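Be aware that the sequence shown starts at 798, since it is given in our numbering, and climbs by one per residue. Below is one structure, written out as structure tokens; comments come after it.
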Amino acid sequence: HYDIVFMDMHMPIMDGIEATRKWREEEASRPDDIRKIPIIALTANVSDDDRLRCLNAGMNEFLSKPVSPERLGEILSIYCPKNIADPAES
Numbered sequence: 798h799y800d801i802v803f804m805d806m807h808m809p810i811m812d813g814i815e816a817t818r819k820w821r822e823e824e825a826s827r828p829d830d831i832r833k834i835p836i837i838a839l840t841a842n843v844s845d846d847d848r849l850r851c852l853n854a855g856m857n858e859f860l861s862k863p864v865s866p867e868r869l870g871e872i873l874s875i876y877c878p879k880n881i882a883d884p885a886e887s
């Protein structure tokens, strides 16, 4: 079980676009009550075309490297809020 997936566009064997499409196809074959895992593009690619390709493949967000800690925190708080510790509790 995964709470979130950070997907690069350039990987050996299968790129992130194809991997995301296959992941989403697998999810679509399961019962509707099973939560879709957020997939976040994390890539050095920065073009609008790359962003659209990622989102059209089923990724939820697009982050370009280097990503700021603040932006990463925003993404985690959106997609994994139950896993973000309150600093006051630490």
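Each residue gets a CB set at the ideal place from its N, CA and C atoms; glycine is no exception. These numbers come from a predicted model, not from an experiment.
Asked, Found
"What residue from ILE810, TYR799, PHE803 has the CA that sits closest to PHE859's CA?", "PHE803"
"Put SER826 into one of helix, strand or coil per three-state DSSP.", "coil"
"What three-state label does DSSP hand GLU844 in the structure shown?", "Residue 844 is actually Ser in this sequence, not Glu. Three-state result, SER844: coil."
"Tell me which same chain residues have a C-beta within less than 8 angstroms of the C-beta of PRO849, skipping the five on either side of it?", "Sequence check: residue 849 is Leu here, not Pro. Counting only Cβ-Cβ distances below 8 angstroms, and skipping sequence neighbours, we find nothing."
"Throw me the rounded Cβ distance for the ILE836 and GLY855 pair, which I believe falls under 8 angstroms.", "7 angstroms"
"What separation, rounded to the nearest whole angstrom, lies between the Cα atoms of MET806 and TYR799?", "19 angstroms"
"Who are the Cβ neighbours of VAL843 in its own chain at under 8 angstroms, not counting the five residues just before and after it?", "SER861"
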